[in-house]
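Residues 1 to 441, numbered by UniProt numbering, are exactly what the sequence shown covers, in order. Cβ atoms here follow ideal geometry from the backbone N, Cα and C, with glycine treated the same way. The model shown is predicted, which means the values in this text are computed figures rather than measured ones.
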Amino acid sequence: MTDASHRSGLTDDIYEKLVNDEDARACKSIPESACREVPGNFLKTLLSMFFSKLGDALVNPKITLPWLMQSVGAPAWMLGWLVPIRESGSMLPQLAIASVARTMAIRKWMWVLGSALQALAVLGIAAVAFSLEGALAGWAMLALVVVFSLSRGLSSVASKDVLGKTIPKARRGTLNGWAETAAGLITLTVALLLISGVLGEGSTTLYATGFALAALMWVIAGGVYAGINEFPGETDGGNNGLKEAFARLSLLKTDAPFRRFLLSRSLLLCSALTAPFIVVLAHQELDAAISMLALFMAASGAGSLVSGRFWGRFADVTSRLVMVRAGMMSAAVGGVIFLIGAFRTEWLSEIWVLPLLYFVLSIAHQGVRLGRKTYVVNLGEGNKRTDYVSVGNTLIGVMLLMTGFISLLEPLIGVSGVILILSFMGMAGSWMAIKLPEVEG
């Protein structure tokens, strides 16, 4: 047996163990030539997703990035813009990015470029932490978060296309689930090391070193992704790409399932927007020591670890119901926090209450993310899928900026009141998702 055939056999064995079953649907949605490459592409995609998600865990705009900005003395108001900038910045330019992607028969290189630029931006944040302080450090970090976010947009558009071309429908949710599980395990491990004190006391140096490590993760992710065997796909729109891209906004008028999906996804942003407000409550009711950072990292990592595979397999059966149930879970967490704040405020001072609720919210958020990612990839094929992703993400970016202004209500209704509003959004989003058509099968 040659080395190549031995590696191929090992890859097939690992793939079969990861997917764990035989399914007649396995290669219905991709060409036969691509089907032969599925085991290797599955593992390469999984590894690249793992490293990029590990980078995400280390550069979390809801946990670690606020802590780093506070450690360098950045003004508190800047922290409130981290999530909107990080999320919307990657989404708003996606119509323009997609107009370029549509001219590319091979799109994995767009993902690789995005990964490399994210690594440079995160390395820049680490350098700022070592060299600047106060408002200047804060402004520099926000600027680098913008660069990071725009780079993320390149990878976002390309990843859905490459996934749709290389991995069959019946395996896409499972792939995402394994990636979330693996990244959750590493995040939990880092959190436990912080709690144990093995990594030392919380300091700017420690945080910045973590960001430098995150940059390395994106470099590795890009190297692995470059090895994916992607076959040339559909291309068009080369001459007036940007004009045609904006013309595709007409999908909102003509494509009812896509329009309803976008409405549901917009409302289900509650799972992401609630998280930083729980951290704000922790700052108010507890302390800002490294142990609290570690507890929230542990909660986030454990949530991904215990739920990733479940949500992934569930999404391969019905991504629509994954969004419904995860959205209701997110809404329930917000409702519980509001009730505690209204009737049992002293419970918020218990060190386990908010991290536990954050853990449950992390499970819900994983479900929302895996559900909507699997749904939009399965909803369309070829360049239609590119249109869905770019139009959807651009409009979600606008919605993120708009919902960011909900935080302005905090002086009037308090943090718990803001969380309650987000819970109502979650309930409405779940109700909208119930009426979506099934796209699996």
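Check, Outcome
"Neighbourhood of residue 380 by C-beta, 6 Å cutoff - its chain only, sequence neighbours within 5 removed", "388"
"Sub-8 Å separation of residue 47 and residue 15 beta-carbons", "no"
"C-beta atoms of residue 369 and residue 164 nearer than 8 Å", "no"
"Residue 302 versus 252, 13, 79, 357, residue with shortest Cα-Cα distance", "357"
"Opening and closing residue of the alpha helix (DSSP H) in which residue 66 lies", "64 to 71"
"Beta-carbon gap between residue 183 and residue 53 smaller than 8 Å", "yes"
"Contacting residues, own chain, Cβ-Cβ under 6 Å from residue 331 (five flanking each side not counted)", "423, 426, 427"
"Residue 86 versus 112, 103, 367, 121, residue with shortest Cα-Cα distance", "121"
"For residue 403, the nearest candidate out of 362, 268, 173 (CA to CA)", "268"
"Residue 141 beta carbon near the ligand MN (any heavy atom closer than 7 Å)", "With respect to the ligand MN, the structure shown offers nothing to examine, as it has no ligands at all."
"Buried or exposed (CB count within 10 angstroms, at least 16 for buried), residue 24", "Caution is warranted here: a pLDDT of 39 is assigned to residue 24, below 50, making its placement in the model unreliable, and the coordinate value is therefore given only provisionally. Answer is exposed; the Cβ neighbour count stays below 16."
"Residue 306 in three-state terms, based on DSSP", "helix"
"Residue closest to residue 273, alpha-carbon to alpha-carbon, out of 405, 219, 412, 437", "405"
"Sequence-distant residues of its chain with Cβ nearer than 7 Å to residue 260 (five each side left out)", "432, 435, 436"
"Residue 104 in three-state terms, based on DSSP", "coil"
"Cβ neighbours of residue 40 in the same chain (closer than 6 Å, five flanking residues each side left out)", "11"
"Segments assigned alpha helix (DSSP H), at least 4 residues, entirely inside the stretch 130 to 190", "134 to 166"
"Whether residue 194 touches residue 104 by CB criterion (8 Å)", "no"
"Reduced DSSP category for residue 75 - H, G, I as helix; E, B as strand; rest coil", "coil"
"Beta-carbon proximity check, residue 401 vs residue 155, cutoff 8 Å", "no"
"CB contact flag (residue 212, residue 123, <8 Å)", "yes"
"Nearest to residue 471 (by Cα), restricted to the options 45, 440, 96, 439", "Past the boundaries of the shown model lies residue 471; the chain is included only from 1 to 441, so the question cannot be answered."
"The stretch 102 to 118 touching the stretch 130 to 140, judged by at least three CB pairs closer than 8 Å", "no"
"Residue 6 to residue 328 span [Cα, whole Å]", "Note that residue 6 scores 47 on pLDDT, short of 50, meaning its location in the model is unreliable and no value can be drawn from it."
"Residue 179 vs residue 316 beta-carbon contact at 8 Å", "no"
"Status (buried if at least 16 other CB within 10 Å, exposed otherwise) for residue 443", "The chain is shown only over 1 to 441; residue 443 falls outside these bounds and no answer can be derived."
"Proximal residues to residue 392 (C-beta, below 6 Å), its chain only, five neighbours per side dropped", "262"
"Backbone CA spacing between residue 117 and residue 215 [nearest angstrom]", "9 Å"
"Close Cβ partners of residue 50 (< 7 Å) along its chain, the five nearest in sequence each way excluded", "179, 182, 183"
"Local Cβ density within 10 Å of residue 398, reported as buried at 16 or more and exposed below that", "exposed"
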